[in-house]
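For reference, the structure discussed in these notes is given below.
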Amino acid sequence: MNRLLAGGEPCRAIVIGALGRCGHGAERALHAAGLDPTRWDLIDNLPSLVPLESSTAVSADLLPHLRGLLDATAPWRRCADLFATKTTEELPDD
3 MNRLLAGGEP CRAIVIGALG RCGHGAERAL HAAGLDPTRW DLIDNLPSLV PLESSTAVSA
63 DLLPHLRGLL DATAPWRRCA DLFATKTTEE LPDD
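Take the sequence shown: its letters are residues 3 to 96, numbered as in the numbering used here.
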């Protein structure tokens with residue numbers, strides 16, 4: 003089958019998204035048919051500042067709340083109270 007296109011050219015195949023579930027299946031099917039497909043995936047290996055900027059922003063927003071964790075300030079007290087309430091409630095009979 004490798005050489006059976008009109009004109010005698012070898013068959014070619016490309017699997018886009020070869021690392022995904024469907025891509026793996028497509029690749030196996032092409033191999034079973036005697037073809038060696040070209041695998042292609044969009045993987046961005048370029049360095050990016052977006053994760054750094056996001057981490058910095060989240061850290062800056064969270065830090066004031068973390069400072070109040072040991073003092074049980076309002077957000078942490080509400081969380082602890084809600085946790086205590088929910089863990090002592092009886093579950094409904096199903």
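Using N, Cα and C, we set each Cβ at its ideal position, and we do this for glycine too.
Mind the definition here: the region 23 to 36 touches the region 57 to 68 only if three or more C-beta pairs lie below 8 Å; say whether that holds.
No, the region 23 to 36 does not touch the region 57 to 68.
I'd like to check one pair, Asp-43 with Ala-20: are the Cβ atoms closer than 8 Å?
Within the sequence shown, the letter at position 18 stands for residue 20. Within the sequence shown, the letter at position 41 stands for residue 43. Yes. Within cutoff.
Rounded to the nearest angstrom, how far is the Cβ of Trp-78 from that of Leu-71, given a contact under 8 Å?
Locating residue 78 in the sequence shown gives position 76, where the first residue counts as 1. Locating residue 71 in the sequence shown gives position 69, where the first residue counts as 1. Yes, they are in contact, since the Cβ atoms of Trp-78 and Leu-71 sit about 5 Å apart, within 8 Å.
Kindly identify the DSSP beta-bridge partner or partners of Arg-41.
Here the question's residue 41 lines up with position 39 in the sequence shown. DSSP, once it has assigned bridges, lists Val-17 as partnering Arg-41.
So is Ala-62 buried or exposed if we call it buried at 16+ other beta carbons inside 10 Å?
In the sequence shown, residue 62 corresponds to position 60, counting from 1. So Ala-62 counts as exposed.
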